[in-house]
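Numbering (mature numbering (1 follows the signal peptide of the UniProt record, and there is no 0)), first residue to last: -23 to -1, 1 to 1195.
Note that CB positions come from ideal geometry on N, CA and C, so glycine has one too.
Accompanying notes for the structure given below.
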C-alpha cells in the first residue's frame, strides 16, 4: 500500500501540474498571441547583433501564475528557434547583472514596457548597473507611451557606446539610442521591420562610423611625469603618445585637460587593496584617460581598460658594458693566423741573410765582429719604424732597403688596421648569456621601475627563474622612480635594470654609459589606459586601428619616435670644443716663444728654456641598440526517452547548477529523443526551464536529430546541455546521433537514470567498445544513476572507451574534484602513432632527419605524452587556399585532407587558417623584416676623410698653419737662422712649406740652434703629434662604424625606390596577406613582388636569392635565425612593424592539442634560449684573423724587391770584374 501511494502521488502531482499548465494556456492565449509577433522581432534583432542568447526582462511578481506561464511559453518558443533564453524581473536583473556579465558573451536583453510605471521601474533599475555590456531591445508595447518618440532626457542612463534598439508601438522603424551628453539622448533611425520584409537595416555603416564625434566633450587625462614617450613637465604635452592623442582629438572632436601628473604608472597594494599612480586615478574614476606607455597585464585588466597596443617592445636586462673586453695578451697575435706569422718570420729571416750576404760582397765598410746581430737589429728596426742610421750608397743595397721599407709600411698598416678592428668588435665579457645563468651567477643585483608592471612580474611570478631573480632585487625603497634613474643605476657596477627596448631606445642619448643586455624572451604590449568599461574604449580603439590601416600610425612614429636601423649609424665629427686643449697648447707655445725671443735679444742669446707638454685624446662612441585563449565549449546533453520519465527535475537541478557553476558555463541546452512523447517532454522541459530560470541560468532544448546541424559556437560559448539515458532505445538513439558527429566539439554530460535496464546500467559502469564514438580529447562526464562519483570518458582507440574517476558530488558539499584540470590525468597516449608532415627545409641534407628547435619540441612531446612519430609527408610549401578548387595545398592541405595529424613546421597563425586547422600555443613571436644583402663596401666618398673634424675645426687648423709659418719666418729672421735679410714671398712660401712638412710628418732638414726657434718647432711638433693622433683615431672610428649605404631606411622608402624586387616564401601566409591587400602597408609591396614561379620554396633558397640578386626577402626574424649558419653573405634589414605568431598545426578540433604543460614546466622557454640567442647582441661579436692569402701581396712585393736587388748586385759584380 505504501509503495503504491509513493508511486501514485508523484504521478498525480505531475498530472496536476500539467492540468494547471493546460488551463493557463487557454487563459493566456490572448496575451501570448500579442507577444508572438515580438518573438519574430526579437529573433531578427538577435541575428542582427549576433547575440549569444536572449534574456527577457519583465515587470511583475515572479510568483504570478500568469507571468510564469507566459515566460515559459516565450522561452519554449525561443528554444524552438535554437536560441538560448532566460526570463527575469527587474529585481533579479540588478542582483545578477554582474554574474551574467562574467558568464555570457553579450546577450540580447529584451524589455517590454506596457505602462509609465514600468518605464520608471526600468529607469530606476538601469541606474544600478553599467548598461553598455549587453545589446538592448526596448519595446514600447502601448501607444500611450509618447516617451518612445520624443525622449526629453536620458531615461535609461545610456552611454556613448550603448547599443540599444528601440521599437515604438505600431511604428516599423527601429531606432538606436545613445548619449553624447549625460542628460540627453541622441536618436538615429537604424532599421525597418515588419512581418513581411522582416528586418532591413537603413545603413551599412558600422557602429563607430555612425558615432564619429564626441561633440566637443572634455576628457580628463593623467600622465606620468617622467615617461620617455610623453613630455609632461611643463607646457603642452609632447612626444609620441601626445601626438597620437592630438590626432584622436582632432578626428573625434573632443578636448582634453591635464588633471593629474603622477610620479608612477601604478601598482596594486595588496595590503590596502588600492592602486597607486595613474592606474589608481583611473580606478577611482578621477580621470578618463591615462596617457603614457602602459604595459598590458592581466592584473591591470581587472581594474582598467587598455587601448589596442600602440607598440610592441622586447624586454631586456640591461647592464653596464664591462670596462675593457677582458683582452688577453694573446689577442695581439690573433690579427694574423699562425701560418701568416710563420711566413712573416721567415721573410724577416731571409731578409737578414740576404742583406748580410750583400754587405759581405760589396764591402762598403769594414765588417765588424757583431756583423750578423747588427744587420738583424737594423732590419728589425725598420719593421719597428726606427729607420736607418745611414742610407747605403750601393744600388743593390738601396733597392733591398727600399723593398724592406715598403713592405714594413704596408705590413704595419695592415696590422694596425686589423688590430683596431679586432679591438673595436671585441665583445664585453659577461659571466652569463641568459636569465637562467644570470640568476645562477648571483653576482649582479636586479632593479626594475619602482611602481610598474615590470616589478610586479618578478614579485608575483611563479616561474622558478624569475622567483630566483626576485631574491636579487634591491629593496623597494632603493628602486628607481624614473626610467632615467634606472639606467643611471645600471651604469653602476654589478646592477642590472629590467626595462623595455622601446624605452631604452627613446632615452639612449642621455644614458651616461654603454650598455649590454640579455634577452628575457618577453614582449610587452604598450598602450594607453581608460577607466574600466569606459564608454570611449571602443571608439578610440576603432580609430587607432584606422590610423594603422592607412599608415598614419607609422608616420607619427617616424616623426616622433625615430627608429634606428642598421643603416642609421652615425658618426659625430670633432668640433671646436674638442680641440680647445690643442689650441691652448699652441697659444702657450707661441707666447712662451715670443717671450724667450725678447729675452734673447735683451741678454745676448742667453738660452735655457723650459718645456711644457700636455697630451689629451677623446673618443666618443654611441651604440643605439633597437601573448588565445582556447574557449572550451562545455555541452551537457539532456535526452528524454520514449517512455514516461520517472525523474524529478528538482532532484537534478542542484546537481546541474553545481556543474554549471564550476565550469562557468553561460547556459544549459537540453537535447531530447525524437521518439519521445512530445506533450510529456515539453511539460518536463517547462519545469526545468522554470527551475533553472529561478537560478538565473539560461536554457534551451533541441532534438537528437538537430545535433547533426551546424551549431554556431561563436555566439554560444561554454554552454551546458542535459541527457538522461532512461531506456535501451534511448541509449541506442543517442549512439546513433553521435555516429557522424565530432565528439570533441562539446563537453558531454550523460546521466544514466535509475529506470534503465540492467544491461544499460552495466554499460554505464563498464562500457564495451566505443558506443558514443569518443576521441582522445572528448569531454564527456558520466554519472551512473544516483552514484556520488562522476567519471570522465574518452578514447585512445576507436573501439575502446577509457574511464577515469573525475569528482564526487553530494547536495551539501557540491562537487569535489579529484583533478581540477580535466586533462591533468590524460596525457598518456600509450604508444599511439601520430602521423606528421614536415617542410623540406627542416630536413638535413646529410642524414635526411629533422633537426632544430621544433624537432626538439616534438621529442619532448613524444617523451611526455608517450606516442611515436611516423613521418608520412614532406612538402616544399606551407600551404595556399586554392579559390577555384576550394581546397588547401601544401602542408595545410595534408591536414585538411586528414592525411596527417600534425605538421611540424613554423606555421603562421592567422584568422583564415583557423577556420580550417588548429594550432598549438604560439611557440615563437617574431618580427617580420625585409632582408637585403649588405652592399659591398660603404660607398666612402672623398669628403668622408674630412669628416673627422668639423668645418670650424678645419678652419682653426688652417689659421694655425698660417700663423705658425709667419711666426717662424719672423723668428728666423730676427735670430739670423737664415741667410735672407728681409721678408719676401719666396721666403714666406719656404717657411709655409717647412711648417706644412712638419704637419705632414716630414720633419725639418736641420734642427735650429736658437732656443726660441727650438721651442716654436717643438710646440708645432707636439701639436702635430696630437692632431694626427686625434685624426687617426677619429677617421678609424668613422670608417669602422660606417654603415652599408642603402638608398632607403623604411618600407615607404623601399617601395618608392623601386630598384629592389621583393620575394616571399611561395604558398605562405606572407604571400597571401600581400596579395590580399587587406593590410594597406603590405599591399604597397604588390608591384615589387616577383612572379609566383620565381618565389623561393624554402627559406634557404630565399636568402640565396638575396645574396645573388637585387631583391629584398620579406621573412620573419625566427626564419633567419633558423638558417643563419648557411647564408653565404652578410645581410642588413629594414623593419616593417609587422609581427607574427608561429606554431605547430593540427587538424581542426584535433585530439592532441596539449602543449601547455611544456610551457608551464619551462621546457619551451629553455629550448627557445638554446636555439634563438640574439645574433646582434654584442656578446656574440667575433673577429676573423688574416690568413696566409691575406699577406700574399706583401710577400710578392718583398720577393720582387729582393730579386731586383740581387739582379743589380749581380750586374755590378760582373761590371767590376770586367
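Proximity below 9 angstroms, CB of residue i to CB of residue j
i	j	result
residue 662	residue 678	yes
residue 187	residue 468	no
residue 634	residue 669	yes
residue 814	residue 882	yes
residue 112	residue 185	no
residue 1118	residue 1084	no
residue 906	residue 1113	yes
residue 90	residue 118	yes
residue 642	residue 29	no
residue 1196	residue 942	With the chain covering only -23 through 1195, there is no way to say anything about residue 1196.
residue 934	residue 1004	yes
residue 508	residue 652	no
residue 419	residue 273	no
residue 805	residue 785	no
residue 517	residue 284	yes
residue 878	residue 646	no
Paired residues, beta bridge with residue i - DSSP
i	result
residue 830	Paired residue(s): none; residue 830 is not in a bridge.
residue 498	Paired residues: none, contrary to the question.
residue 508	281
residue 879	813, 1123
residue 195	232
Integer-rounded CB distance, given that residue j should sit under 8 angstroms from residue i
i	j	result
residue 256	residue 227	The pair is not a contact, with the Cβ atoms about 27 angstroms apart (cut-off 8 angstroms).
residue 196	residue 266	5 angstroms
residue 381	residue 328	6 angstroms
residue 737	residue 768	That belief does not hold up - the Cβ atoms of residue 737 and residue 768 are roughly 16 angstroms apart, past 8 angstroms.
residue 23	residue 31	6 angstroms
residue 791	residue 73	With 8 angstroms as the limit, residue 791 and residue 73 do not qualify as a contact, their Cβ atoms being about 19 angstroms apart.
residue 809	residue 855	Not a contact, Cβ separation roughly 26 angstroms.
residue 1201	residue 134	Residue numbering for the chain in the displayed model covers -23 to 1195; residue 1201 lies beyond these limits and cannot be assessed.
Candidates the options, of which the one nearest residue i by Cα
i	options	result
residue 320	388, 626, 192	388
residue 909	1038, 667, 1188	1038
residue 812	430, 1129, 482	1129
residue 1126	895, 64, 50, 701	895
residue 761	746, 733, 750, 748	733
residue 293	741, 464, 1046	464
residue 181	154, 166, 194, 193	166
residue 485	461, 753, 86	461
residue 239	264, 439, 229, 868	264
residue 1043	1062, 1071, 1031	1071
residue 703	864, 650, 175	650
residue 1096	369, 1120, 869, 626	1120
residue 80	639, 268, 15	639
Residue environment, residue i, which counts as buried when at least 16 other CB atoms sit within 10 Å
i	result
residue 946	buried
residue 446	buried
residue 807	exposed
residue 723	buried
residue 150	exposed
residue 259	buried
residue 323	exposed
residue 1074	buried
residue 847	exposed
residue 1191	exposed
residue 189	exposed
residue 842	buried
residue 214	buried
residue 232	exposed
residue 966	exposed
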